[in-house]
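J.: Take a look at the following structure, please.
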Amino acid sequence: MDIRDDGRLLPCDLVSLSGMLRVCKMETVLLNADGPRAVIDSLVQGEALFCSAESAFPFRGRFTLPIDWCLFGFVHHTEESSWCHGISFSSGTAFTVLPEGTTEFRLSAGSRLSFVLLPLETLQRRYAELDRHHAGEPIHLPSLVRLSYTPAAQRLQAIYHDVRQRLIHGPPEGGGEAGIDIEALLDSHLTASLAATGADLPNCTRGRRKHYLILQRTEQYMRANLRNDIYVNEMCNAAGVSERALRYAFEDLLGISPNRYLSMLRLCTACRSLALSDVSRRSVKSVALSCGLWDLSRFADSYRRVFGELPHDTLMRSPPGDALSAP
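Residues in the sequence shown are numbered consecutively from 813, following our numbering.
Dropping the structure here:
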C-alpha cells in the first residue's frame, strides 16, 4: 500500500485495498468522488497477519473468510455512520469475524483500526482453554463489543494501541526485535469478549434492520444486472418497497441516493476489472460496457475525477496474462 507523506494519506488503488486481507478478496465501493486514500501497515509473524489500517474516504465493503481462518481486531476511531451488518459501532469497539458467511460493513472517512488474521484452530484452542463449557467452538463470541472501563477492556485497548504503534513505527527504541505477543493479544481479546454484558453489545433497531435488508436486496439486484440500464422502479420492485422507503434506506446506511450508489458501484467494478485485465485481451470499451457504462467519454471523465487517471492508464498497468493466472 502507499506510504504516509508528512502525516497525510496518499492515493491507493482498489486492487491493493481489496487484497489487504491476504487470504480473501474484499470488495470495496467508494461512497464519494474524492478518491481512495489510505495506508495499511502490516506484519506477518508465524501464521498470523497483523494489520493497521487508516482510510481517508468512506466506503462500503464486504468479504468472506475461508473456512479455516478468523479475524479479530479493534476500532481505534470511526464516526457514527460506520456499521457492520447494519449494526452501528463506534470508536473503542472490538470485533470478531468467524468464517460463517459474508461480512458486510461501512466505514466512515478517518476510520482507524487494527486487526489480526489467524488460523481458526488457534482461536478455537485458546477459546477452549478459557471457556471449557463449549468444546472449543467460539459460537458464543459476540461479533461487536464496546470496550468499557473494566480492567480487561482497558488492557485490551492498551495492547491494540501498542500493536498499532509497532506496525506504524516498528519496535520501540531499545526494545529489541521481539515480535508481537499473539497469545497475550488473543487471550485478552477473548477474555474481554466473554466478559461483555448486554450493555456492551451494539444492537440493531427494527428500523435499521429493515433498511439493511432493503439495501441488501437492492444491491444484489444491481450486481446481477450491472451491464443493463437499471431504473429506480426496478430497484423498488427488487426490494419490495416504495421509492421513498428505498431512498430512506440508502441515505440512512450509505449517506447517498440509490442512483449515486449505482454509479459508484459501476465505477469501482470497472476499476477493479481494468486493473486485473490482460491489456492484450480486453479493452477499456469492453470493460465499460460490461459495467453498464455506455457513454465512454462521460465514463472517462468520471473515472479520472475519482481515481486520478484515465481508464486506459489503469489498464496499461495491469499485469500480463501469466501473472493473472499465477497463485
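All residues carry an ideal CB built from backbone N, CA and C; glycine is no exception.
Which residue wins for smallest C-alpha separation from residue 888, given the options 899, 914, 908 and 926?
T.: On the sequence shown, residue 888 is found 76 positions in, with the first residue counted as 1. Cα-wise, what sits closest to residue 888 is 926.
J.: What number of angstroms, rounded off, separates the C-alpha of residue 858 from the C-alpha of residue 992?
T.: Locating residue 858 in the sequence shown gives position 46, counting from the first residue. Locating residue 992 in the sequence shown gives position 180, counting from the first residue. Cα-Cα distance, rounded: 11 Å.
J.: Kindly indicate which residue of 1128, 922, 1062 and 856 has the alpha-carbon position closest to the one of residue 1089.
T.: Translated into positions along the sequence shown, residue 1089 becomes position 277. Considering only alpha carbons, the answer is 1128.
J.: Taking residue 1083 as part of the beta strand (DSSP E), name the residues at either end of that continuous run.
T.: On the sequence shown, residue 1083 is found 271 positions in, with the first residue counted as 1. Run containing residue 1083: none in the beta strand (DSSP E); it sits in the alpha helix (DSSP H), 1070–1088.
J.: Excluding the five sequence neighbours on either side, which residues of its own chain have a C-beta within less than 6 Å of the C-beta of residue 895, listed in chain order?
T.: Sequence index remark: in the sequence shown, residue 895 carries index 83 (1-based). Taken in chain order, the residues that qualify are 918.
J.: Report the rounded CA-to-CA distance for residue 1170 versus residue 1107, giving the unit in angstroms.
T.: Outside the displayed range of the chain (813 to 1139) lies residue 1170, so it cannot be described from this structure.
J.: Which residues share a DSSP beta bridge with residue 853?
T.: Position 41 of the sequence shown, counting from 1, holds the residue named residue 853. Answer by DSSP bridge pairing, in chain order: 864.
J.: For the putative contact between residue 1078 and residue 1104, defined by C-beta atoms under 8 Å, what is the C-beta separation to the nearest angstrom?
T.: Residue mapping note: residue 1078 aligns to position 266 of the sequence shown, counting from 1. Residue mapping note: residue 1104 aligns to position 292 of the sequence shown, counting from 1. Contact holds; Cβ gap of about 6 Å.
J.: In angstroms with no decimal places, state the Cα-to-Cα distance between residue 825 and residue 832.
T.: Here residue 825 refers to the residue found at position 13 when the sequence shown is read from its first residue. Here residue 832 refers to the residue found at position 20 when the sequence shown is read from its first residue. Straight-line Cα distance between these residues: approximately 11 Å.
J.: Taking the alpha helix (DSSP H) that residue 964 falls in, what are its first and last residues?
T.: Here residue 964 is taken as the residue at index 152 of the sequence shown, counted from 1. Residue 964 -> alpha helix (DSSP H) spans 963–981.
J.: Can you give me the C-alpha to C-alpha distance between residue 783 and residue 1117, rounded to a whole angstrom?
T.: Outside the shown range of the chain (813 to 1139) lies residue 783, about which nothing can therefore be said.
J.: Flag residue 1022 as yes when its Cβ comes closer than 8 Å to any non-hydrogen atom of the ligand ZN, and as no otherwise.
T.: The ligand ZN is absent from the structure shown, which contains no ligands of any kind.
J.: Based on the DSSP output, what are the partners of residue 931 in its beta bridges?
T.: Numbered from its first residue, the sequence shown carries residue 931 at position 119. For residue 931, the beta-bridge partners assigned by DSSP are 881.
J.: Anyone know if the C-beta pair for residue 1011 and residue 962 falls short of 9 Å?
T.: Looking up residue 1011 in the sequence shown gives position 199. Looking up residue 962 in the sequence shown gives position 150. Going by C-beta atoms, residue 1011 is not nearer than 9 Å to residue 962.
J.: Ends of the beta strand (DSSP E) at residue 1020?
T.: Along the sequence shown, read from residue 1 onward, the residue named residue 1020 stands at position 208. Note, residue 1020: premise wrong, no beta strand (DSSP E); alpha helix (DSSP H) at 1018–1036.
J.: Between 1056, 1005 and 1100, which has its C-alpha nearest residue 1038's C-alpha?
T.: Walking along the sequence shown from the start, residue 1038 turns up at place 226. When only C-alpha atoms are compared, the closest one is 1100.
J.: Could you pull the start and end residues of the alpha helix (DSSP H) that residue 906 belongs to?
T.: As a working mapping, residue 906 is identified with position 94 in the sequence shown. Premise fails: residue 906 lies in the beta strand (DSSP E), 905–909, not in any alpha helix (DSSP H).
J.: Nearest to residue 1018 by CA position, among 1098, 1061, 969 and 1045, is which residue?
T.: Position 206 of the sequence shown, counted from the first residue, corresponds to residue 1018. Ranking the options by Cα distance to residue 1018, first place goes to 1061.
J.: Just the Cα atoms here: how many angstroms apart are residue 1042 and residue 1083?
T.: Within the sequence shown, the letter at position 230 stands for residue 1042. Within the sequence shown, the letter at position 271 stands for residue 1083. Their backbone Cα atoms lie some 20 Å apart in a straight line.
J.: Just list the residues that DSSP pairs residue 958 with in beta bridges.
T.: Here the question's residue 958 lines up with position 146 in the sequence shown. The beta-bridge partner set that DSSP reports for residue 958 consists of 905.
J.: When the distance is taken between beta carbons, is residue 1047 closer than 9 Å to residue 843?
T.: On the sequence shown, residue 843 is found 31 positions in, with the first residue counted as 1. On the sequence shown, residue 1047 is found 235 positions in, with the first residue counted as 1. Cβ atoms of residue 843 and residue 1047: not closer than 9 Å.
J.: Count the other CB atoms within 10 Å of the CB of residue 885; is the residue buried (16 or more) or exposed (fewer)?
T.: In the sequence shown, counting from the first residue as 1, residue 885 sits at position 73. Classification for residue 885: buried.
J.: Given a threshold of 16 other Cβ atoms within 10 Å of its Cβ, counted over all protein chains shown, does residue 1013 qualify as buried or as exposed?
T.: Numbered from 1 along the sequence shown, position 201 holds the residue referred to as residue 1013. When all chains shown are included, residue 1013 counts as exposed.
J.: Is DSSP giving residue 836 helix, strand or coil here?
T.: As a position in the sequence shown, residue 836 is number 24, starting the count at 1. Residue state, collapsed to three classes: coil.
J.: Excluding sequence positions up to five away, which residues of its chain have a Cβ less than 6 Å from the Cβ of residue 1063?
T.: Against the sequence shown, residue 1063 aligns to sequence position 251. Closer than 6 Å at the Cβ level, and outside the excluded window around residue 1063, lies no residue.
J.: Does any residue of chain C have a CB that is nearer than 9 Å to the CB of residue 1002?
T.: The structure shown has no chain C; it contains just one protein chain.
J.: Starting from residue 875, follow the beta strand (DSSP E) in both directions and report where the run begins and ends.
T.: Sequence index remark: in the sequence shown, residue 875 carries index 63 (1-based). DSSP places residue 875 in the uninterrupted beta strand (DSSP E) bounded by 871–876.
J.: Apply the 10 Å Cβ neighbour rule to residue 872 and answer buried if 16 or more other Cβ atoms are within range, or exposed otherwise.
T.: One-based indexing of the sequence shown puts residue 872 at position 60. Result: buried.
J.: Using DSSP's beta-bridge definition, name the partner residues of residue 823.
T.: Start at 1 with the first residue of the sequence shown, and residue 823 comes out as number 11. Paired residues: 849.
J.: Would you please state the rounded distance, in angstroms, between the beta carbons of residue 938 and residue 999? I believe it to be under 8 Å.
T.: Within the sequence shown, residue 938 is the residue found at index 126, counting from 1. Within the sequence shown, residue 999 is the residue found at index 187, counting from 1. Right, the Cβ-Cβ distance comes to about 6 Å (below 8 Å), so this counts as a contact.
J.: Who are residue 841's beta bridge partners in DSSP?
T.: Within the sequence shown, numbered from 1, the residue matching residue 841 stands at position 29. Partner(s): 872.
J.: Thinking C-beta only, is residue 1114 closer than 9 Å to residue 845?
T.: As a working mapping, residue 845 is identified with position 33 in the sequence shown. As a working mapping, residue 1114 is identified with position 302 in the sequence shown. In this structure, residue 1114 lies closer than 9 Å to residue 845 by Cβ.
J.: Taking its Cβ as the centre, do 16 or more other Cβ atoms sit within 10 Å of residue 971, making it buried, or is it exposed?
T.: Position 159 of the sequence shown, counted from the first residue, corresponds to residue 971. It is buried - the Cβ of residue 971 has at least 16 other Cβ atoms within 10 Å.
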